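J.:
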């Protein structure tokens, strides 16, 4: 998951290391069941709880769901950056998706922990792998195979009926990784509302002639490059799509508030 921002924002050397990491992952990181290993220590699989007899081969299904989704996102990012995607990488990630589908088809749920060697469900009855529906949707987009979308709908309905509609959720912290993907400043062009998600201050200085102008002030000691997203109410209704942040403008903001930055958007 952490290779996504490194691929998107890193130096040429960093990007090269990301690709080497993919080579390593698909050579060493896939279990016999198709699931990604929970942990590897000195390239030896130890499960998520290596110090517990029961947990030696336990694999948290959320981690496999997170991994498959973020790998699909990186494939999409590579394509947009004109970086070739190795066929072995594609095959390995599809196998990890299919391994989790087998769990769903056999047990009627994705569970919380499986045996990473066999794919056997060990601990179940949670919404831990909720993000797997996103993996399936990304899979459908990549391959064009509608069976993945159908399975996503089935699993989504299961989670809705058994968890969401009852006010329950126990999914994992993968959403925390979606922050390199949030704008630093969001502007609603119709309501003239401004939301600063980064450690900066933002305000509208002018709204006239079909244009909205912003002032940005960085009060921290660190210089920053802030991503900006401005849209109308109608544009809000349209999904941004995968890796949309690549197209957002960036504005440099000097630290200590030493210099005010500005940006202008057409309404």
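Residue numbers (our numbering): 1 to 267. Where is the CB? At the ideal position from N, CA and C, for every residue including glycine. Keep in mind the model is a prediction, meaning the values are calculated, not measured.
1. For the putative contact between residue 48 and residue 242, defined by C-beta atoms under 8 Å, what is the C-beta separation to the nearest angstrom?
2. What separation, rounded to the nearest whole angstrom, lies between the Cα atoms of residue 36 and residue 113?
3. Please state whether the Cβ-Cβ distance between residue 253 and residue 212 is less than 7 Å.
4. Look at the alpha carbon of residue 170 and the alpha carbon of residue 64, and state the distance between them as a whole number of angstroms.
5. Mind checking whether residue 255 and residue 217 have CB atoms under 7 Å apart?
6. Is there at least one Cβ from chain C nearer than 7 Å to residue 116's Cβ?
7. Give me the DSSP bridge partner(s) of residue 49.
8. For residue 83 and residue 96, I'd like the C-alpha separation in whole angstroms.
9. Using the Cα positions of residue 93 and residue 73, report the straight-line distance between them to the nearest angstrom.
10. Can residue 180 and residue 110 be called in contact, C-beta distance under 7 Å?
11. Output the residue ranges of the alpha helix (DSSP H) runs that lie fully inside the segment 140-169 and measure 4 residues or longer, sorted by chain position.
12. Which stretch, first to last residue, makes up the beta strand (DSSP E) that contains residue 59?
13. Put residue 232 into one of helix, strand or coil per three-state DSSP.
T.: Judging by the given coordinates:
1. That pair is no contact at about 28 Å.
2. 13 Å
3. no
4. 16 Å
5. no
6. The displayed structure is made up of one protein chain only, and chain C is not part of it.
7. None, per the DSSP bridge assignment.
8. 22 Å
9. 11 Å
10. no
11. 146-162
12. 58-60
13. coil
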